[in-house]
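Notes to accompany the following structure.
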Amino acid sequence: MLAGAVDEKDPYTRGHSDRVTKYSLMIGAEMGLDAEFLEILRISAQLHDVGKIGIEDRILKKPGALTPEEFEIMKTHTTKGANILRPVPQLREMLPGIELHHEALNGRGYPYGLKGDDIPLLARVIAVADTFDALTTNRPYQKAHDPVEALRIIQNLSGQRLDPSAVTALMGFFTGRNSYRENGDADGPCGIARNRTHSHIRSQSHAATVRCPLAVEISRT
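Structural data, given as C-alpha coordinates:
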(Lines of atoms letter the chains of each structure in order from A and count residues from 1; the text may use other names and numbers.)
(Lines give C-alpha, C1' and ligand atoms only; values in the text may rest on other atoms or scores of the structure.)
Protein backbone atom coordinates (compact mmCIF):
# COMPACT_ATOMS: atom_id res chain seq x y z
CA MET A 1 0.00 0.00 0.00
CA LEU A 2 2.78 2.45 0.94
CA ALA A 3 4.80 1.65 -2.16
CA GLY A 4 1.70 2.17 -4.29
CA ALA A 5 1.11 5.53 -2.64
CA VAL A 6 4.62 6.65 -3.60
CA ASP A 7 4.17 5.47 -7.18
CA GLU A 8 0.92 7.39 -7.46
CA LYS A 9 2.38 10.56 -5.91
CA ASP A 10 5.25 10.79 -8.38
CA PRO A 11 4.40 10.23 -12.06
CA TYR A 12 8.02 9.26 -12.70
CA THR A 13 7.94 6.38 -10.22
CA ARG A 14 4.84 4.61 -11.49
CA GLY A 15 5.68 0.90 -11.49
CA HIS A 16 9.22 1.54 -10.23
CA SER A 17 8.82 -0.27 -6.91
CA ASP A 18 7.39 -3.37 -8.59
CA ARG A 19 10.19 -3.48 -11.15
CA VAL A 20 12.94 -2.98 -8.58
CA THR A 21 11.40 -5.77 -6.51
CA LYS A 22 11.36 -8.08 -9.53
CA TYR A 23 14.97 -7.33 -10.47
CA SER A 24 16.12 -7.63 -6.85
CA LEU A 25 14.61 -11.11 -6.59
CA MET A 26 16.15 -12.11 -9.92
CA ILE A 27 19.56 -11.02 -8.64
CA GLY A 28 19.07 -12.68 -5.26
CA ALA A 29 18.05 -15.96 -6.83
CA GLU A 30 21.07 -15.91 -9.16
CA MET A 31 23.28 -15.33 -6.11
CA GLY A 32 21.81 -18.41 -4.45
CA LEU A 33 20.44 -16.49 -1.46
CA ASP A 34 18.10 -18.49 0.75
CA ALA A 35 14.32 -18.18 0.85
CA GLU A 36 14.29 -16.28 4.13
CA PHE A 37 16.66 -13.63 2.79
CA LEU A 38 14.69 -13.39 -0.47
CA GLU A 39 11.50 -12.66 1.46
CA ILE A 40 13.25 -9.87 3.40
CA LEU A 41 14.63 -8.61 0.09
CA ARG A 42 11.19 -8.66 -1.53
CA ILE A 43 9.62 -6.49 1.15
CA SER A 44 12.59 -4.14 1.43
CA ALA A 45 12.76 -3.59 -2.33
CA GLN A 46 9.03 -2.95 -2.51
CA LEU A 47 9.35 -0.26 0.16
CA HIS A 48 12.77 1.13 -0.77
CA ASP A 49 11.42 4.51 -1.93
CA VAL A 50 8.67 4.93 0.65
CA GLY A 51 10.43 7.99 2.06
CA LYS A 52 9.50 9.93 -1.07
CA ILE A 53 6.11 10.35 0.56
CA GLY A 54 7.87 13.01 2.65
CA ILE A 55 9.41 14.89 -0.29
CA GLU A 56 7.68 18.04 -1.47
CA ASP A 57 5.76 17.76 -4.73
CA ARG A 58 7.61 20.72 -6.24
CA ILE A 59 10.78 18.60 -6.10
CA LEU A 60 9.32 15.14 -6.60
CA LYS A 61 7.30 16.18 -9.65
CA LYS A 62 9.74 18.67 -11.13
CA PRO A 63 9.83 18.05 -14.92
CA GLY A 64 13.56 18.51 -15.25
CA ALA A 65 16.92 18.21 -13.54
CA LEU A 66 17.09 19.05 -9.85
CA THR A 67 19.24 21.88 -8.55
CA PRO A 68 21.99 20.88 -6.08
CA GLU A 69 19.82 22.17 -3.23
CA GLU A 70 16.80 20.20 -4.44
CA PHE A 71 18.90 17.07 -4.83
CA GLU A 72 20.07 17.36 -1.22
CA ILE A 73 16.41 17.35 -0.19
CA MET A 74 15.64 14.43 -2.48
CA LYS A 75 18.46 12.44 -0.89
CA THR A 76 16.66 12.56 2.46
CA HIS A 77 14.08 10.06 1.17
CA THR A 78 16.31 7.22 2.35
CA THR A 79 16.37 8.25 6.01
CA LYS A 80 12.76 9.44 5.87
CA GLY A 81 11.67 6.02 4.67
CA ALA A 82 13.59 4.22 7.40
CA ASN A 83 12.18 6.56 10.05
CA ILE A 84 8.62 6.02 8.82
CA LEU A 85 8.95 2.24 9.12
CA ARG A 86 11.25 1.97 12.15
CA PRO A 87 8.36 1.78 14.64
CA VAL A 88 7.12 -1.42 12.94
CA PRO A 89 8.95 -4.37 14.59
CA GLN A 90 8.12 -6.75 11.74
CA LEU A 91 10.05 -4.54 9.29
CA ARG A 92 13.25 -4.22 11.33
CA GLU A 93 15.26 -6.52 9.04
CA MET A 94 14.07 -4.65 5.94
CA LEU A 95 15.32 -1.23 7.08
CA PRO A 96 18.92 -1.49 5.76
CA GLY A 97 17.67 -1.89 2.20
CA ILE A 98 15.39 1.11 2.56
CA GLU A 99 17.88 3.40 4.26
CA LEU A 100 21.10 2.38 2.52
CA HIS A 101 20.29 1.50 -1.11
CA HIS A 102 22.01 4.67 -2.33
CA GLU A 103 25.28 3.95 -0.57
CA ALA A 104 28.24 3.20 -2.88
CA LEU A 105 31.16 0.82 -2.43
CA ASN A 106 33.62 3.69 -2.92
CA GLY A 107 32.06 5.70 -0.08
CA ARG A 108 30.57 8.35 -2.35
CA GLY A 109 26.95 7.37 -1.80
CA TYR A 110 24.42 8.58 0.74
CA PRO A 111 23.14 9.07 3.41
CA TYR A 112 26.22 8.05 5.44
CA GLY A 113 29.04 7.51 2.94
CA LEU A 114 29.51 3.87 3.91
CA LYS A 115 32.13 1.83 2.07
CA GLY A 116 32.45 -1.76 0.86
CA ASP A 117 31.20 -4.47 3.17
CA ASP A 118 29.98 -1.86 5.65
CA ILE A 119 27.00 -1.63 3.31
CA PRO A 120 24.62 -4.53 4.05
CA LEU A 121 24.10 -7.08 1.28
CA LEU A 122 20.39 -6.26 1.25
CA ALA A 123 21.12 -2.67 0.21
CA ARG A 124 23.80 -3.72 -2.28
CA VAL A 125 21.38 -5.99 -4.15
CA ILE A 126 18.65 -3.37 -4.25
CA ALA A 127 21.17 -0.78 -5.49
CA VAL A 128 21.93 -2.86 -8.59
CA ALA A 129 18.24 -3.46 -9.29
CA ASP A 130 17.45 0.23 -8.75
CA THR A 131 20.27 1.29 -11.07
CA PHE A 132 19.13 -1.09 -13.81
CA ASP A 133 15.59 0.31 -13.65
CA ALA A 134 16.92 3.89 -13.58
CA LEU A 135 18.93 3.26 -16.73
CA THR A 136 16.20 1.48 -18.68
CA THR A 137 13.29 3.85 -18.11
CA ASN A 138 12.62 7.39 -19.29
CA ARG A 139 13.02 10.63 -17.37
CA PRO A 140 11.94 14.09 -18.55
CA TYR A 141 15.59 14.99 -19.17
CA GLN A 142 17.09 11.59 -20.09
CA LYS A 143 15.99 8.89 -22.51
CA ALA A 144 16.06 5.28 -21.45
CA HIS A 145 19.02 3.11 -22.41
CA ASP A 146 18.28 -0.24 -23.99
CA PRO A 147 19.03 -3.20 -21.67
CA VAL A 148 22.33 -4.10 -23.33
CA GLU A 149 23.72 -0.59 -22.94
CA ALA A 150 22.39 -0.46 -19.37
CA LEU A 151 24.24 -3.68 -18.53
CA ARG A 152 27.43 -2.25 -20.01
CA ILE A 153 27.13 0.85 -17.82
CA ILE A 154 26.42 -1.27 -14.76
CA GLN A 155 29.50 -3.41 -15.46
CA ASN A 156 31.57 -0.23 -15.51
CA LEU A 157 30.20 0.68 -12.07
CA SER A 158 30.98 -2.75 -10.64
CA GLY A 159 33.47 -2.58 -7.78
CA GLN A 160 33.26 1.21 -7.67
CA ARG A 161 29.68 2.03 -6.88
CA LEU A 162 27.96 -1.33 -7.22
CA ASP A 163 28.59 -4.74 -5.66
CA PRO A 164 30.43 -7.05 -8.11
CA SER A 165 28.58 -10.19 -6.97
CA ALA A 166 25.18 -8.58 -7.51
CA VAL A 167 26.30 -7.21 -10.89
CA THR A 168 27.53 -10.65 -11.91
CA ALA A 169 24.16 -12.10 -10.87
CA LEU A 170 22.29 -9.55 -13.00
CA MET A 171 24.50 -10.45 -15.95
CA GLY A 172 23.96 -14.12 -15.17
CA PHE A 173 20.23 -13.70 -15.57
CA PHE A 174 20.74 -12.43 -19.11
CA THR A 175 23.26 -15.11 -20.04
CA GLY A 176 21.04 -17.97 -18.89
CA ARG A 177 22.85 -19.28 -15.84
CA ASN A 178 21.64 -20.64 -12.52
CA SER A 179 18.26 -20.54 -10.84
CA TYR A 180 15.90 -18.90 -13.33
CA ARG A 181 16.87 -21.29 -16.13
CA GLU A 182 16.47 -24.20 -13.72
CA ASN A 183 13.00 -22.92 -12.89
CA GLY A 184 12.06 -22.96 -16.55
CA ASP A 185 12.16 -19.17 -17.09
CA ALA A 186 14.37 -18.89 -20.16
CA ASP A 187 13.74 -15.21 -20.72
CA GLY A 188 14.89 -12.06 -18.98
CA PRO A 189 13.00 -8.78 -18.58
CA CYS A 190 10.58 -8.06 -21.44
CA GLY A 191 10.95 -11.58 -22.81
CA ILE A 192 14.57 -11.00 -23.80
CA ALA A 193 16.17 -14.41 -24.25
CA ARG A 194 18.91 -14.82 -21.68
CA ASN A 195 21.18 -17.02 -23.77
CA ARG A 196 21.14 -14.91 -26.93
CA THR A 197 23.90 -12.71 -28.29
CA HIS A 198 24.03 -9.03 -27.38
CA SER A 199 23.01 -8.05 -30.92
CA HIS A 200 19.90 -10.25 -30.66
CA ILE A 201 19.07 -8.82 -27.23
CA ARG A 202 19.37 -5.31 -28.64
CA SER A 203 17.00 -6.03 -31.53
CA GLN A 204 14.49 -7.66 -29.20
CA SER A 205 14.57 -4.76 -26.76
CA HIS A 206 13.80 -2.23 -29.52
CA ALA A 207 10.94 -4.37 -30.79
CA ALA A 208 9.44 -4.47 -27.28
CA THR A 209 9.61 -0.72 -26.61
CA VAL A 210 5.87 -0.15 -26.28
CA ARG A 211 4.91 -3.37 -24.49
CA CYS A 212 7.96 -3.68 -22.25
CA PRO A 213 7.64 -2.55 -18.61
CA LEU A 214 11.21 -1.29 -18.89
CA ALA A 215 9.95 1.57 -21.03
CA VAL A 216 7.71 3.23 -18.46
CA GLU A 217 8.65 6.37 -16.60
CA ILE A 218 11.25 6.36 -13.84
CA SER A 219 11.82 8.00 -10.50
CA ARG A 220 14.87 10.14 -9.87
CA THR A 221 17.56 8.13 -8.15
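For the sequence shown, numbering that gives the first Met the number 0 assigns the number 220 to the last residue and increments by one with no breaks.
Using N, Cα and C, we set each Cβ at its ideal position, and we do this for glycine too.
As the structure is a prediction and not an experimental result, all values here were calculated from the model.
Please state the DSSP three-state secondary structure of Arg41. Residue mapping note: residue 41 aligns to position 42 of the sequence shown, counting from 1. The three-state secondary structure of Arg41, taken from DSSP, is helix.
Touch check for the region 49 to 62 and the region 21 to 33: three-plus C-beta pairs under 8 Å? no
From the DSSP secondary-structure annotation, give me the bridge partner or partners of Gln159. Residue numbering aside, residue 159 sits at position 160 when the sequence shown is read from its first letter. None; Gln159 has no bridge partner.
Lys74, DSSP secondary structure in three states: For the purposes of this step, residue 74 is identified with residue 75 of the sequence shown, where counting begins at 1. Reduced to three states, the DSSP call for Lys74 is coil.
If you drop the 5 nearest sequence neighbours on each side, which residues of the same chain put their C-beta closer than 6 Å to that of Ile72? Stepping through the sequence shown from its first residue, residue 72 is reached at position 73. Around Ile72: Ile58.
Nonlocal neighbours in the same chain, by C-beta distance under 8 Å from Met93, ignoring five residues either side: Position 94 of the sequence shown, counted from the first residue, corresponds to residue 93. Ile39, Ile42, Ser43, Leu46, Leu84, Leu121, listed in sequence order.
Closest residue to Ile153 among Asp132, Asn137, Pro88, Lys114 (Cα-Cα distance): Translated into the one-based positions of the sequence shown, residue 153 becomes position 154. Minimum Cα distance to Ile153 is reached at Asp132.
Mapping DSSP to helix, strand and coil, what is Lys142? Along the sequence shown, read from residue 1 onward, the residue named residue 142 stands at position 143. Correct three-state label for Lys142: coil.
So for Lys79, helix, strand or coil by DSSP? Here residue 79 refers to the residue found at position 80 of the sequence shown. Note: Lys79 maps to helix in three-state DSSP.
Option in Leu37, Gln141, Thr78 with minimal Cα separation from Ile54: Within the sequence shown, numbered from 1, the residue matching residue 54 stands at position 55. When only C-alpha atoms are compared, the closest one is Thr78.
Could you check how far apart the C-beta atoms of Ser23 and Val124 are, in whole angstroms? I think they sit under 8 Å. As a first step, residue 23 must be located in the sequence shown, where it is residue number 24. As a first step, residue 124 must be located in the sequence shown, where it is residue number 125. Rounded, the Cβ-Cβ distance is 5 Å, consistent with contact.
Quick check on DSSP: helix, strand or coil for Lys114? Indexing the sequence shown from 1 puts residue 114 at position 115. It is a strand residue.
Tell me whether the beta-carbon of Leu161 lies closer than 9 Å to the beta-carbon of Leu104. Stepping through the sequence shown from its first residue, residue 161 is reached at position 162. Stepping through the sequence shown from its first residue, residue 104 is reached at position 105. Contact annotation: Leu161 and Leu104 have beta-carbon atoms nearer than 9 Å.
Is Asp129 closer than 9 Å to His100 when the C-beta atoms are compared? For the purposes of this step, residue 100 is identified with residue 101 of the sequence shown, where counting begins at 1. For the purposes of this step, residue 129 is identified with residue 130 of the sequence shown, where counting begins at 1. Yes, they are a contact pair.
May I ask which residues mark the beginning and end of the alpha helix (DSSP H) holding Thr20? Position 21 of the sequence shown, counted from the start, is the residue given in the question as residue 20. Unbroken alpha helix (DSSP H) run through Thr20: 15 to 29.
My understanding is that Gly49 touches Gly80, with C-beta atoms under 8 Å, so please give their C-beta distance in whole angstroms. Mapped onto the sequence shown, residue 49 falls at position 50. Mapped onto the sequence shown, residue 80 falls at position 81. According to the sequence provided, residue 49 is Val. The question's Gly does not apply to it. With a beta-carbon spacing of about 4 Å, Val49 and Gly80 fall inside the 8 Å limit used to define contacts.
Please tell me whether Ala143 and Ile26 are closer than 9 Å, where the distance is taken between their beta carbons. If you number the sequence shown from 1, residue 143 lands on position 144. If you number the sequence shown from 1, residue 26 lands on position 27. Contact: no.
The alpha helix (DSSP H) spanning Pro95 covers which residue range? The sequence position of residue 95 within the sequence shown is 96, counting from 1. Element bounds for Pro95: 94 to 99.
Are the CB atoms of Glu98 and Pro110 nearer to each other than 9 Å? Residue 98 sits at position 99 when you count from the first residue of the sequence shown. Residue 110 sits at position 111 when you count from the first residue of the sequence shown. Contact: yes.
Kindly give me the distance between the Cβ atoms of Glu102 and Gly96, rounded to whole angstroms, as I take these residues to be in contact under 8 Å. Here residue 102 is taken as the residue at index 103 of the sequence shown, counted from 1. Here residue 96 is taken as the residue at index 97 of the sequence shown, counted from 1. Contact doesn't hold; Cβ gap of about 11 Å is too wide.
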